[in-house]
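Enquirer:
Protein chains in written order, with our numbering: chain A, 63 to 422; chain B, 63 to 422; chain C, 63 to 422; chain D, 63 to 422.
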């Protein structure tokens, strides 16, 4: 970096002398340069994703989350989502290489493998992927592929609160769910029971419906009832594998159902951003799996991984914000929504309407 | 259509009066219009994909495939691949709808479902998806969701040769694989055995390698040998589930290994295009599965489908040109490639060099 | 449409029998089908864009815009932006056709041309493109290419308020810009003058700066001052070609500068959405221009248009929300922002903090 | 780099310790990190583009271009096109920053500017952008913004043959354009004259055509004739600003018209790839211009550039392979194409048909 900023040039600002000397292919194969550059850009973007995550986690780590800060969370998530879309798209460039061209240099890696990307491991851990949820790999933990030093670093990160936990804490503090005499959970539960009862009656009363159709409909209804029973802890001991606490779940559902209220609009954007991110990570893993299959066939991948199968398994199992997706199961139609008390609605509104309404 | 083309307008050419009247949402929910338009554009693109497939199948259905025709095949595949990329991207628009908004109108579908898209079913069948390879659905065949008429139409299509079979036939006729005294398969087999033997010797001779590493390496080699044994029918009765015939597979491998030869360049593009298409269909199914999970949670999907799980299963199982992906397993490094006899190389070249060389 | 919804099928819901019969190429050229389908999908998406615009304009057409409604505006704009991105991308499919292939059927159009797309014309007019701002075309108004009936329809649309005017009206009603004793415009003007004066002093005091550099810096500052003079109507009669009224402009600037305030977060998203849309329309026109150049060279386009040049001119001149882009010129650094009075800040906050703060 | 490749790790292979330390924002503004990372990824991709260009230029720099080499050219161009599409898309990430956020750190650049990207300047020069064709910038040559050292380096590059010149040389050597007694240019010229004459007669004979329409049609025809006159050097001294030599142009036209011939298929892909690249560079410049307008308004950009206007001007003027686009003007319908003599067709075919035909 130049000492006087007057000396600053594009080249020095971006440290191009260092950056553009850092590509060292190990073979004479033409396509290795693409392979190096592509992975380096991935790592640069990972750095930025982690940097945005720093801000998000710092905000959620505070005791209260201010409104201006929540906008920053939403902005950071939008940026991360945008980057992840680029990273999915970027695999197209990898596929300009053919399997035969890859064969020209993949022997140089030996035991080195994308498995060892510490930034990606850090991202997974900080979002909230638990060691126990990870897909096994040739029967071994992925940690066995890391150096002692990297393993320790990862363990330190694991000890810090993950985003999932922080978001859970923030959700659980949502004030409107229990306010004055209003209990959202009671009102919602009643609405659900009324809905199911109403549906059952409608089916029974419909005389034109053939017996077989009626049975189908009633079975569907029973299935739905069973799911709600689990939600309401009436499942006879069976429980749903939620990661969020009950209060956090209830708040997330509340935000989904009443997201039009001013105070819930940005929180809803935040929840949507987390789902977008979760989806894009899965999509990236899946495209990665397809690419591995194309490049390596069914042979062992670089670093010994079984490539396609492993990656495809992570796509479906390494999901973090699954709870938010599962909530869609428990949405109820707007016409069935419990009407919120005036007081609660007021508290979710802006102050500036006060005088406007007085004037009217 | 106007009788005199002088009367032609943009509106009449595109039949806009019909087209733009064909959106009939059944509910007052705002987002239903998006849902209708999005699905209608899918169906329009499916029509175009089938139209391109018509040309491709007509060409491959002929006794011989001329060089100019093969370029048309490649052009049609490129277009289809481009469309499929758009269709994957197009799901972004669906996700501008929230699950709660979807709930406002998804009751109108009752038993109607995307399952019934006959154009998509036709596409699958014509590419070569076999009824037996299909994922079951609530324990039922997908055909049970079709009308009698649609089912019959599909059965008629099933009786016609699928693209996979046609491509197999075309590959099997590749002349260069057996030409004069040259047998690609014999030469390739020898090269493979030499490669494995060479690798084994290198491991055994490497005195600096620790015993445990040596064992790992020898085990890897054994695994590789086992795979090649299967390819060469020495697997002790176990066979690989190829869909292509042996001669077709051998030609496909030949094209992959010698794709630089002028006469193999466009054939190689055709095989790549088929793999691109297969990958994009899988990717589309997978994104579709993610979207279903987000919209419907774990509840039953529209038309009774279990949404996410079913779609995710089709992504991995409804693959058609798997053989082409598996071939990557059997590629060998360029340095190990059998050298082609001069005669074979000559036959894969252009005539125009003849005099050029004479002159030189 | 089926009478009983129990009869509803995928096919009937989407009117596929009509939709998939509406492609009538006029030539035997293979690529004409792509051309037809691509334009039909454009028109379907235009229909959806206009449908979303209906909602947006209805909301802005009301006397006051409620907070829940403003979220709907933001959601509709996001969807339209997403669609426009798809439409830009979709041109890739057109470019799978070569100019020679286009030549095979472009004679069938005669005087028919994309110029006659009434939905696109309607979109331009409803957003706020004025007849006087339009690029001339072969010296003729684009209206001369429309039928009498279409022309009249467009004139009816022109008489209704455009989105630009509605947004201007909504902005002008923003309460916080003048509230109690606070005048944003006065405070902002003072901040600007202080900033320029401060910069001038810093330059003059910097003794290490060479005379030539000082002159450059002072000239830059003079240029900046001149621009602000125009903004503050001190330009000696010269005026900026704003389309928004002064109060609307001031409010837009206020929203940009204080967008972290809760009550301004969604308004800021709305303004950003309008800029995204404006940018994407320009980008679409520009890509269209490039494509025309590639397909038609420098010859006259279909329907007699001079293709590339005309389209490229519209890309730069048919901009609608230019005022919002120009505002970036007048942003000042956060450190220079006038501090808002407590009362104004309070009014832009949520009511729910009231008791929280009491409790603290 | 590790000495023994057994020590190779993901981290050492990609030089991550260096790479991930090279981001040094100069301000505390949050968004500056994104700005740095985004520009660094651009530069990494530029490095890869130049690397692919090395291969392409080395091949075209040889006396003859072999068929296998031409496939490599086509592969490199495809990759570069794919990268350029990514780079256009990547601007989306820049637009996750707002103008106000940019204002927080853009003062740190002072005279540093993207203008100084030597890799991009090198790319422009090596493709064939001439100094004289460049848009002026505040009345100054862009070179005045470079350091002495960079300017000299660029001048050295300017002295080497540009890709445009190399492609021109390769095209000019196309053997089929003049072969045996056949002269493509004579045959084509005759076909054009016949076409125009035929069109004129058709217009004159059409009795139902009103006089005004006839005049319009005849004027169009006159315009077309005038263009062809220029092509055939009958323009009375006026000439078209071609950069390719006449033989190169004729060969490019020949390849476009007869691209179905086996020997022309890959050459046609190469010409298409060059046009794709030219288009994408223009599109990238144009999106860049839009972004500059949004970030900076109409004020001076970083480094003193007038941002939007300059960039928009380069989008339309810094085109390199314009000749290839202009050729579309001179395509004639397939039905009018001169039939090639048997000998020429034969020479463009593969040898392998020889015996196949003998057998038939």
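Yeah, the Cβ is synthetic: ideal placement off N, Cα and C, and Gly gets one too. Remember, predicted model here, so these are calculated numbers, not experimental data.
1. Let's test the definition: count the other Cβ atoms within 10 Å of the Cβ of residue 166 of chain B and tell me whether it reaches 16, buried, or not, exposed.
2. Who are the neighbours of residue 374 of chain D on chain C, taking C-beta pairs under 8 angstroms?
3. Along the chain, where does the alpha helix (DSSP H) containing residue 250 of chain C start, and where does it finish?
4. At a cut-off of 7 angstroms, would you count residue 137 of chain C as near the ligand ADP, judging by its Cβ distance to the nearest heavy atom?
5. Between B/299, B/177, B/71, B/101, which has its C-alpha nearest residue 85 of chain B's C-alpha?
6. Measuring straight from C-alpha to C-alpha, what distance separates residue 369 of chain A and residue 95 of chain B?
7. Can you name the residues of chain A whose CB is closer than 8 angstroms to the CB of residue 388 of chain B?
8. Using the C-alpha atoms, what's the distance from residue 276 of chain A back to residue 137 of chain B?
9. Beta-carbon within less than 7 angstroms of residue 381 of chain B's beta-carbon, same chain only, minus the 5 sequence neighbours each way: which residues are those?
10. For residue 296 of chain C, name the three-state secondary structure that DSSP assigns.
11. From this set, D/384, D/160, D/127, D/180, which residue's C-alpha is nearest residue 306 of chain D's C-alpha?
12. So the alpha helix (DSSP H) residue 80 of chain A belongs to, where does it begin and stop?
13. Among C/273, C/158, C/233, which residue has its Cα nearest to the Cα of residue 308 of chain C?
14. Between the C-alpha atoms of residue 409 of chain D and residue 115 of chain B, what's the straight-line distance to the nearest angstrom?
15. For the alpha helix (DSSP H) holding residue 109 of chain A, just list the boundary residues, first then last.
16. Under the assumption that residue 112 of chain D contacts residue 185 of chain D (Cβ atoms under 8 angstroms), give the Cβ distance between them as a whole number of angstroms.
17. Going along chain A, which residues have a C-beta under 7 angstroms from residue 105 of chain D?
18. Please decide whether residue 363 of chain A counts as near chain D, where near means a Cβ-Cβ distance under 8 angstroms.
19. Check the Cβ-Cβ distances between residue 199 of chain B and every residue of chain E, and say whether any is below 8 angstroms.
20. Tell me which same chain residues have a C-beta within less than 6 angstroms of the C-beta of residue 373 of chain C, skipping the five on either side of it?
21. Tell me, to the nearest whole angstrom, how far the beta carbon of residue 228 of chain D is from that of residue 133 of chain B; I am working on the premise that it is less than 8 angstroms.
22. Whole angstroms are fine: how far does the CA of residue 172 of chain C sit from the CA of residue 222 of chain B?
23. Nearest-angstrom Cα distance between residue 76 of chain B and residue 397 of chain B?
24. Using 8 angstroms as the Cβ pair cut-off and three pairs as the minimum, do the region 144–157 of chain B and the region 135–154 of chain C touch?
25. Out of curiosity, what's the CA-to-CA distance linking residue 262 of chain B and residue 169 of chain A?
26. Interface residues of chain A around residue 154 of chain D at Cβ under 7 angstroms?
27. Are any of the Cβ atoms in chain C nearer than 8 angstroms to that of residue 246 of chain A?
28. Kindly indicate which residue of A/268, A/294, A/230 has the alpha-carbon position closest to the one of residue 253 of chain A.
29. So with Cβ pairs under 8 angstroms, would you call residue 411 of chain A a contact of chain C?
30. Please tell me whether residue 107 of chain A and residue 99 of chain D are closer than 8 angstroms, where the distance is taken between their beta carbons.
31. I'd like to know whether the C-beta atoms of residue 376 of chain D and residue 103 of chain A end up nearer to each other than 8 angstroms.
32. Quick one: grab the DSSP three-state call for residue 241 of chain A.
33. Using beta carbons (cut-off 8 angstroms, strictly below), is residue 349 of chain D in contact with chain A?
34. DSSP three-state call for residue 284 of chain A: helix, strand or coil?
35. Along the region 312–339 of chain D, what residues have a CB closer than 7 angstroms to any CB found in chain B?
Expert: Put simply:
1. buried
2. 378
3. 246–267
4. Absence of the ligand ADP is noted for the structure shown, with no ligands found whatsoever.
5. B/101
6. 42 angstroms
7. 359, 360
8. 52 angstroms
9. 340, 344
10. coil
11. D/384
12. 78–81
13. C/233
14. 31 angstroms
15. 94–123
16. 6 angstroms
17. 76, 78, 81, 82
18. Summary for residue 363 of chain A: the model assigns pLDDT 41, below 50, so the residue's position carries little reliability; its value from the coordinates is reported in the next sentence. No, no contact with chain D.
19. The displayed structure is made up of protein chains A, B, C and D, and chain E is not among them.
20. 347, 350, 351, 354
21. About 26 angstroms separates the two Cβ atoms, so there is no contact after all.
22. 40 angstroms
23. 56 angstroms
24. yes
25. 15 angstroms
26. 144
27. no
28. A/294
29. yes
30. yes
31. no
32. strand
33. no
34. helix
35. 322, 324, 325, 327, 328
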